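Undergrad:
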Amino acid sequence: MTAPQIPVDDLLKRLHLANTRHRWRQFVQHAEKEDWSYEKFLATLVAEEVAHRQQTRLGRVARSAGFPFLKTIDEFDFTLQSALRLNMLGSYLTADFVTEGRSLILMGKPGRGKTHLAIALAYRAIQNGFDALFTTAAALIEDLSNASRHGKLNAALTRYIQPNVLICDEVGYLSYGPDAANVLFHVVNERHLKARPMLFTTNKPLKAWGGVLHDADLADAIIDRILERGRVLEMDGPSYRTKHLKLDDSPPQTEPQGRPRISGMGGPSFPEPTLCRASTNGPTKTPDLSRLKFASIGTECLVIR
Ligand code: ADP
Ligand code: MG
0 MTAPQIPVDD LLKRLHLANT RHRWRQFVQH AEKEDWSYEK FLATLVAEEV
50 AHRQQTRLGR VARSAGFPFL KTIDEFDFTL QSALRLNMLG SYLTADFVTE
100 GRSLILMGKP GRGKTHLAIA LAYRAIQNGF DALFTTAAAL IEDLSNASRH
150 GKLNAALTRY IQPNVLICDE VGYLSYGPDA ANVLFHVVNE RHLKARPMLF
200 TTNKPLKAWG GVLHDADLAD AIIDRILERG RVLEMDGPSY RTKHLKLDDS
250 PPQTEPQGRP RISGMGGPSF PEPTLCRAST NGPTKTPDLS RLKFASIGTE
300 CLVIR
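Every letter in the sequence shown is one number past the one before it in numbering that gives the first Met the number 0, and letter 195, counting from 1, is 194.
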């Protein structure tokens with residue numbers, strides 16, 4: 000008896016299973032050659048479709064985030080930092096970062112890897128199933144100031160409030176218009192109310208944000224909200240861009256045993272298990288939320304010097 004002619008390609012097309020449509024004949028050949036069970040054949044076909052979709056989603060969401068470059072946490076060389084270590088990032092590498100609305104201010108001189116780290120954390124969040132938006136403080140302030148002048152602030156705010164993770168890069172590098180603090184406050188306040196995390200990079204100490212934003216009280220209110228569930232990480236070491244020139248005379252400090260020097264503490268501040276440590280084979284390719292270890296770091300602001 001011959002098998003009935005079922006238009007598999009047409010049916011897969013109707014189900015929008017483009018990858019399966021492309022590959023199912025290959026799997027049939029393998030299955031016949033290697034004598035797969037029906038269950039193994041079906042599982043392989045479905046797993047392949049899911050993996051393909053996850054990969055496609057990762058590329059699409061990362062592109063729409065607007066990162067100026069894509070860097071991962073695995074590409075970050077922690078040995079250049081005197082105090083910052085991978086395990087101190089703890090839950091910032093897990094879904095907790097987003098679900099608990101933690102924020103982070105990455106502070107330091109140029110070339111210390113602030114933008115790299117912010118992008119890497121946002122990319123990890125994307126791998127964990129969330130979305131992100133990258134903007135500079137200057138672009139955000141200009142965009143929202145313009146919108147405000149045209150009475151369209153509320154509509155314009157949506158773009159910065161909606162994404163699960165917002166990177167606001169380079170606070171303090173450029174000078175901003177007079178209502179900088181006002182428009183930034185709207186973004187921070189709305190995101191804070193919705194417990195959505197923000198990643199800031201800055202070359203200015205927090206006490207200088209009042210001057211940068213032209214309003215000390217609003218700057219305080221902004222920082223207060225960011226740090227309610229957030230932390231400040233100071234980044235040091237030589238500039239990665241010019242480290243070959245050996246311009247920096249303060250190389251990363253390590254204790255005699257080679258352990259990182261962290262003020263007031265003998266060990267890492269937050270030795271939490273991270274997804275990154277669980278898998279040493281590069282970035283997580285397929286988000287698997289069931290494997291994430293959830294850990295809490297509380298709500299304190301920690302400044303590491
Ligand atoms: P910043 O934002 O602090 O000025 P960036 O994050 O833009 O610095 O880093 C400048 C370049 O140096 C980027 O290409 C980044 O990937 C690289 N870089 C900086 N620090 C590190 C590091 N610790 N490990 C690997 N690459 C780094
Ligand atoms: Mg930068």
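Glycine is no exception: its CB is placed at the ideal position from the N, C-alpha and C atoms. Bear in mind the structure is a predicted one, so any value in this text is a computation, not a measurement.
1) Between which two residues does the beta strand (DSSP E) holding Phe199 run?
2) How about Ser174 and Asp130: do their beta carbons lie closer than 9 Å?
3) Since I believe Leu10 is in contact with Thr19 (beta carbons under 8 Å), could you give me their beta-carbon distance rounded to a whole number of angstroms?
4) So the beta strand (DSSP E) Leu85 belongs to, where does it begin and stop?
5) For Thr78, does the three-state DSSP call read helix, strand or coil?
6) Can you determine whether any heavy atom of the ligand MG sits closer than 8 Å to the C-beta of Pro109, and answer yes or no?
7) What do you reckon, is the C-beta of Glu74 under 8 Å from a heavy atom of the ligand ADP?
8) In terms of residue numbering, what span does the alpha helix (DSSP H) encompassing Ser144 cover?
9) Can you tell me where the alpha helix (DSSP H) with Leu152 in it begins and where it stops?
10) Of all the options Phe133, Thr134, Leu156, which has the alpha carbon lying nearest to the alpha carbon of Ser144?
11) Could you check what DSSP says for Ala94 in three-state terms: helix, strand or coil?
12) For the 8 Å Cβ check, are there 3 or more pairs between the segment 66–81 and the segment 190–200?
13) Would you check if the distance between the CB atom of Val182 and the CB atom of Leu226 is smaller than 9 Å?
14) Mark Leu165 as exposed unless 16 or more other C-beta atoms lie within 10 angstroms of its C-beta, in which case mark it buried.
15) Between which residues of its own chain and Pro177 is the CB-CB distance below 7 Å, once the five residues before and five after are set aside?
16) On a CA-only basis, which of Thr93, Thr114, Phe133 is nearest Asn127? Give me that one, please.
17) Could you tell me the distance, in whole angstroms, from the CA atom of Ala180 to the CA atom of Gln54?
18) Helix, strand or coil, according to DSSP, for Phe26 in the structure here?
19) Using only the alpha-carbon positions, how far apart do Ile318 and Ala46 sit?
20) Which residues mark the beginning and the end of the alpha helix (DSSP H) in which Ser63 is found?
21) Could you check which residue in Glu31, Trp23, Arg123 has the C-alpha nearest to that of Asn163?
22) Going along the chain, which residues of its own chain have a beta-carbon closer than 8 Å to the beta-carbon of Gly171, five neighbours each way excluded?
23) Check the DSSP bridge columns for Ala131 and list the partner residues they point to.
TA: The short version:
1) 197–201
2) no
3) Thr19 to Leu10, Cβ: 10 Å. No contact.
4) Premise fails: Leu85 is in no beta strand (DSSP E) and is neither H nor E.
5) helix
6) yes
7) yes
8) 136–148
9) 152–160
10) Leu156
11) coil
12) no
13) no
14) buried
15) His213
16) Thr93
17) 39 Å
18) helix
19) The structure shown does not extend to residue 318, since the chain is modelled only from 0 through 304, so no value can be given for it.
20) 37–64
21) Arg123
22) Ala136, Thr201, Asn202, Lys203, Ala207, Trp208, Val211
23) Val164
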